[in-house]
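Residue numbers (mature numbering (1 follows the signal peptide of the UniProt record, and there is no 0)): -20 to -1, 1 to 271.
All C-beta atoms in this analysis are idealised placements derived from N, C-alpha and C, irrespective of residue type, glycine included.
Working notes, structure below.
Structure representation (structure tokens):
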């Protein structure tokens, strides 16, 4: 009985004290107001008040495959199966638990056409090409797993599906080889109007520990240029093989992300709903213990 009376007294006291505090804050003419979402618990957001790490550095390497072009890396009528190489490094900033922005540098070489340019031309009609490229882009990063995670999912959080999309500038040198030898066909400098490109794709991350993630990505790069594949002049015989005006390629990579900071968790790996429901369960259990 004494415990019940104490609980009732505490329940009546807390709202009174809270109202008095809120009233005091309100009479000061500060909070709560329209800028504080009705809350009097307002403080500056600084590095000292952060609970999560939000910076990381990512590196990776993989294979680019020219898919939509006059000369391709896939055996689809405009070439044979040829594999180049690619690598990337990015600085990643998490804005929220579900969205971030990445500044990424890509470097690589695509190989396309009917033979590898390291080899001799098999016949007088065969054409091979390669393109060396460097690109800088800004990517938006959406964490679909945090957006779509079920509220009743209490399993460990180690897998995450991400979506990427962004724009940037690409510089490249495209070479073509035939029975007469290899020659430079097109060179594009960076930060020019014609050097703009887009890329979009998805990645699957696995959390190894609080510092390291492994990620497999598949990106689709749209160069916006009909000469990227090494076909030469836009009206050349090679560049009239297909009607598209943008040479595009897939880029499959495997990489690592290194999470920076002093906190236990990274913001992109934090599920706020799971934390809220856990705290509610703790409060419910404490209430049952008192009863």
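Nearest CA to the CA of residue 83: which residue from 23, 12 and 39?
39
Can you tell me whether residue 152 is buried or exposed? The criterion is at least 16 other CB atoms within 10 Å of its CB, across all chains shown.
buried
Close Cβ partners of residue 181 (< 7 Å) along its chain, the five nearest in sequence each way excluded
144, 197, 198, 199 and 200
Give the DSSP-derived three-state secondary structure of residue 219 in the structure shown.
helix
Give the range of the beta strand (DSSP E) segment to which residue 70 is assigned.
65 to 74
Residue 35 to residue 241 span [Cα, whole Å]:
7 Å
Taking the straight line between their C-alpha atoms, what separation do you get for residue 258 and residue 231?
40 Å
Quick one: what does DSSP say residue 259 is sitting in, helix, strand or coil?
helix
Go to residue 125, then tell me how far its alpha helix (DSSP H) extends in each direction, as first and last residue.
124 to 128
When the Cα of residue 229 is compared with those of 64, 28 and 46, which residue comes out closest?
46
Start and end residues, beta strand (DSSP E) containing residue 245
Here residue 245 belongs to no beta strand (DSSP E), and DSSP marks it neither H nor E.
Can you give the Cα-Cα distance for residue 167 and residue 154, rounded to whole angstroms?
6 Å
Between which residues of its own chain and residue 252 is the CB-CB distance below 7 Å, once the five residues before and five after are set aside?
77
Could you tell me if residue 256 is buried or exposed, where buried requires 16 or more neighbouring beta carbons within 10 angstroms of its beta carbon?
exposed
Starting from residue 142, follow the beta strand (DSSP E) in both directions and report where the run begins and ends.
139 to 158
Touching or not, the stretch 108 to 118 and the stretch 85 to 92, by the rule of three or more beta carbon pairs under 8 Å?
yes
Please name the residue in 79, 170, 141 and 18 whose C-alpha comes closest to that of residue 120.
79
Quick check on DSSP: helix, strand or coil for residue 112?
strand
Assign residue 265 to buried or exposed, taking buried as 16 or more other Cβ atoms, counted over all protein chains shown, within 10 Å of its Cβ.
exposed
Nearest to residue 81 by CA position, among 23, 150, 217 and 146, is which residue?
146
In the DSSP assignment, find the beta strand (DSSP E) that holds residue 91 and state where it starts and stops.
79 to 93
Within the same chain, show all residues whose beta-carbon is closer than 6 Å to that of residue 158, passing over the 5 residues directly before and after it, in chain order.
101 and 107
Cα-Cα separation, residue 185 to residue 72:
14 Å
Roughly how many angstroms lie between the CA atoms of residue 179 and residue 149, to the nearest whole one?
11 Å
Between the C-alpha atoms of residue -4 and residue 28, what's the straight-line distance to the nearest angstrom?
Per-residue confidence for residue -4 stands at a pLDDT of 39, beneath the threshold of 50, marking its modelled position as unreliable; the derived number appears in the next sentence. About 28 Å.
Thinking C-beta only, is residue 49 closer than 8 Å to residue 58?
yes
Bridge partner(s) assigned by DSSP for residue 44
231
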